Amino acid sequence: MKALTNRIGKRRLLATAIATLASGAAWADGQVTGQLVSDSTGAPLQGAQVRIEALNLNAVTGRDGRFYLRDVDAGEYLLEVNYLGSNVQREKIQVEDDQTLVRNLRLSDGAMETLVIRGQAGSLNKSLNLQRTADNIVSAVSSNAIGQFPDTNVSEALQRLPGLSIERDQGEGRYVRIRGMGPDYNAVTVNGVSLPSPDSGRRAVALDVIPSDLLETLVVSKTVTPDMDANALGGSIDIRSLSAFDRDGAFYRVTAEGSYNDLTEETSPKFAVTGSNQFSVGEGRDNFGVALGGSWQDRSFGSHNVETGGAWDFEDGASLEEAEQRLYRITRERSGLTLNLDYKPSDSTDLYWRTLYSEFTDSEIRLANVIEFEEATAEGAAGVVKVERELKDREETQEILSTSLGGSTRLDQWTVDYQVALSESSENEPVHIAGAVFSGADAFDAVSYSGTRKPLFSAPSDYYAPESYELDEVEVASSGTEDESESFRLDFSRDGRLGQNPVQLKFGMKHMDRHKTDDVTIWVYEDFEEAGATGDALLLTGYAGEEPDYNLGRLGAHIDTAPVWETIAPLSADDYFSEEDSRIEDFDIQETVSAAYLMGRIDVGNLRVLGGVRYEETEFEASGSRLSDGDFSDTEAANEYDHVLPSLQMRYLISDKTQVRAAWTNTLVRPIFEQLAPNYIIDEDEAEFGNPALEPLESSNIDVGIEHYMGYASMVSAYVFYKDIDHFIYQTDLAGQGEYADFDEAVTFANGDAAELRGVELAFTKRFNQLPTPFNGFLIGANGTFTDSDATLSYSDDGDTAQRDTVLPSQSEWTGNFSLGYEADQFSVRLAANYKSEYLLEVTDPSDEQYDVFVDEQVQLDLSARYFITEGIQLVFEAVNLTDEPYYAYVNQPAYNAQYEEYGMTWKLGLNITNF
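In the working numbering, the protein residues as written are 3 to 918.
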């Protein structure tokens, strides 16, 4: 009876609180608003805390420096401004009932001089202010900080943050991992709008598509709040482009750069320009802002590669079965445009239109020797091999467009935020040579190799002779992927008090329709003699060019593209169309996500508590193809599920410099499209197929940490985190089970029972401005993250289900960054090291862990130096990959190659022109 009375009492108390909030009976009428700017530059300051201590009422300045304090009782108060790196500033204000007090503030402190704002420490200080005042756990990097490192794209700019690491493609950063979670487990947004993936089968967004020159801030949320999308098991990355209200008045920046790659001895240009200004429209003053920018880079480089793909026989020692030597010649053209309009028609309404467009063209010529031993051969022993010489010549273009129209309106005690958005990503490969194969007429004797990490092959002279090879097959292909997302959202928030404690109630909804298609067309040209070609005309001698330099041994003659096209041009493409290869990879997937949330925030003394719940409903439809013993049929699949995702986050101020945080959140990640596609290939007793019935990964997350801010650009923090993941997805073989009992192979995807990830994240940065000149220019930054994970895989063992333990893919046990910088009046220099330990790349055989493929540890060292010729003209020198760090993947143990690739060093020289 007592327990029932307590429950009834609690319900009545909750009902009273909600009624009080809804009725507005306890909501005061006075308001304080204004803008905070730097006294030395006039630029708005984001992330400052504006506070009325007597009422425990807090606000944080936005990117335009504006703040809003609501429900302030009439009276005289002390307004307090706290910005990291500056002394606390206080001034008296008088608030009247039903009146809005406008108080613009200028933060004056010697530490806020122009040089510091634009330099290494100033950009870091700006990011730390964003982190310190956020309601959730975030890390941020500003545009100036991005410019302090030789980072070409968004992915590379993010690798410097605590808990983040990147996966590279041809030496360039492409995908981002957050706290050990792979790129498919993280959300990416542009100005708050979800960004679809340009890759055909993935959800991961290739962030090398977006140039770093067009950005204002990158914010990584490691814990999500109920008003954010829940598809962020690792975290959420928000790319924020330039706004005219980020700065005071007219602004421009022009960058011209040339880079040199020592592996290919190629020089590449880059050019970027950004600018913004504010204008007066109607009766307003500087109430309309225009920001625009463009960036273009045409980079030529390459890589040298030798890989086995894990084709080792470990039955008796270690013997090699297959290997490839590869030489890449690459040109990547990266361009981008941004146009952002901001309009403030009144003091109560802000409107915006934000657009970001990027185009990334990757042109690649790949030469390869495919070497297959007739019998697995040990190192140093001579074996007989079959060899194929291959050429691939393709151009791939990825495009990303994000545009959103929205605003915010403040109505008395309410704020209404609204947004409609369209995002499109695509990847297109026009008709190209996917593989021209020249097969050795005979097997080659006495072929051996030395080294198992970087195999170096030794072969007789006829192995390299073009006349030893004949054209066997030419595969021509084209493909196109489109991923389009349309969304709208509506949010309501109201500030007030519960008793004497400031509160905020917020609720809203979002609807998103996503449509992804993949279309592949393949022609396979073969049997050339039957088509009328003579043997001599098909010898590699008619296609061979000058033998290229190859650092990993000898490759043989170059294969020219033009003669290949000339050979197949007279042939009818319809006769060589491959329906099987074309149709089986096509899919059409539609996904609709509808969400609603309710959240509340309360300040009790120095404690802020934010809690709430998010509901997401997902509807999924897909179509594909089934190929069963040569016969095609259409397939369709559908699924529907929903999730209720509660969360609770707390921040407690021990002092003005120290705060502790704790968070319990629940997130999810939907399966990637390749896994969901309802495509089936059944060839007698072998099958391979997708699984549209897969369940999303669900994770319950706990984060606890402490942050201590030691002054200007100085901070130390420590966090522990834990993720309990259900429905972990992995590739498996169902042969011998159920309907596949009589199959030798039935490869598909399945949900595991559970996985766990736990870790510690440490960060430290210090500007030594307390030291005497010249030592006060030193800046040290360091961060490190330790993660550990457990996952369970199931597989068929002679018809029975067996299991083994493993780790999560893409999870490095250790990641870290260290940077040492120095800046003075006219120059600055920074040396940065980035480290990640080994991680699991792929489980090739769930039943045999010795064939798991791991990527070896990597350390990359970069240097950046800048010299101010004048106040607005800066000379820039950068060196990327100073230690010529290769990419290395291995199987079984680090001695055995799966892939080795080297890229060389890149040197950059540029000029920046800015009106600070």
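All C-beta atoms, glycine included, are put in the ideal place defined by N, C-alpha and C. Predicted model, so just to flag it, every value in this text is computed and none were measured.
Span of the alpha helix (DSSP H), counted from its first residue to its last, around R585: E581 to R585
Exposure label - V893; buried when at least 16 CB within 10 Å: buried
Inter-residue spacing [alpha-carbon to alpha-carbon] between N917 and D790: 47 Å
Environment of V389 [buried if 16+ CB atoms lie within 10 Å]: buried
Of the listed residues T227, G498, R491 and N503, nearest to M514 (C-alpha basis): R491
Pairwise C-alpha distance: A252 and G36: 21 Å
Secondary structure, beta strand (DSSP E): runs of 3+ residues fully inside the stretch 879 to 904: 889 to 893 and 899 to 904
Assigned secondary structure, T116 (DSSP; H/G/I helix, E/B strand, else coil): Reliability of the predicted coordinates at T116 is poor, the pLDDT of 41 falling under 50, and no value is obtained from them.
I591 versus L393, Q828, G203 and W298, residue with shortest Cα-Cα distance: G203
Limits of the beta strand (DSSP E) - the one that L166 falls within: L166 to D171
Cβ neighbours of A695 in the same chain (closer than 8 Å, five flanking residues each side left out): A639 and N641
Proximity to G236 [Cα-Cα], best of L759, A664, P680 and L678: L759
Environment of A575 [buried if 16+ CB atoms lie within 10 Å]: exposed
Option in E587, Q101, V143 and D100 with minimal Cα separation from G49: V143
Short Cβ contact (7 Å threshold) for T340 with L358: yes
S489: first and last residue of the uninterrupted beta strand (DSSP E) it sits in: Y471 to L500
Cβ neighbours of Q901 in the same chain (closer than 6 Å, five flanking residues each side left out): E309 and A891
The stretch 329 to 339 / the stretch 426 to 441 touching (three or more Cβ pairs under 8 Å): no
Cβ separation of E709 and S716, assumed to be a contact under 8 Å, to the nearest whole Å: Not confirmed; about 12 Å, so no contact.
Span separating the alpha-carbon of A123 from that of G165: 21 Å
Cβ separation of I561 and L393, assumed to be a contact under 8 Å, to the nearest whole Å: 4 Å
One or two residues paired with N608 in a DSSP bridge: DSSP, once it has assigned bridges, lists no residue as partnering N608.
Buried or exposed by the 16-neighbour rule on C-beta atoms within 10 Å, applied to S657: exposed
Contacts around G783, its chain only, beta-carbon distance under 6 Å, and the 5 residues preceding and following it disregarded: T767 and S821
DSSP-derived helix/strand/coil call for S25: At S25, the pLDDT of 42 sits below 50, so the modelled position is not reliable; the number obtained from the coordinates is stated separately. Correct three-state label for S25: helix.
Limits of the alpha helix (DSSP H) - the one that T563 falls within: T563 to I570
Sheet register partners of E426 (DSSP bridge): L403 and E486
Cβ neighbours of V207 in the same chain (closer than 6 Å, five flanking residues each side left out): V190, L197 and S199
Nearest candidate by alpha-carbon position, reference K518, set E532, E484, Y545 and S495: E484
Minimum C-alpha distance to S297 - residue among D755, R255 and F509: R255
Continuous alpha helix (DSSP H) stretch holding E676: start and end: F675 to L678
First and last residue of the uninterrupted alpha helix (DSSP H) at D827: Neither: D827 is in no alpha helix (DSSP H) and is coded neither H nor E.
Distance between Q860 and P888 (C-alpha atoms, nearest Å): 8 Å
Straight-line Cα distance separating V156 from E431: 23 Å
Cutoff 6 Å; reference D215; Cβ partners in own chain excluding five residues on either side: A274 and S297
Same chain, Cβ closer than 6 Å to R249, five either side skipped, listed in chain order: A45
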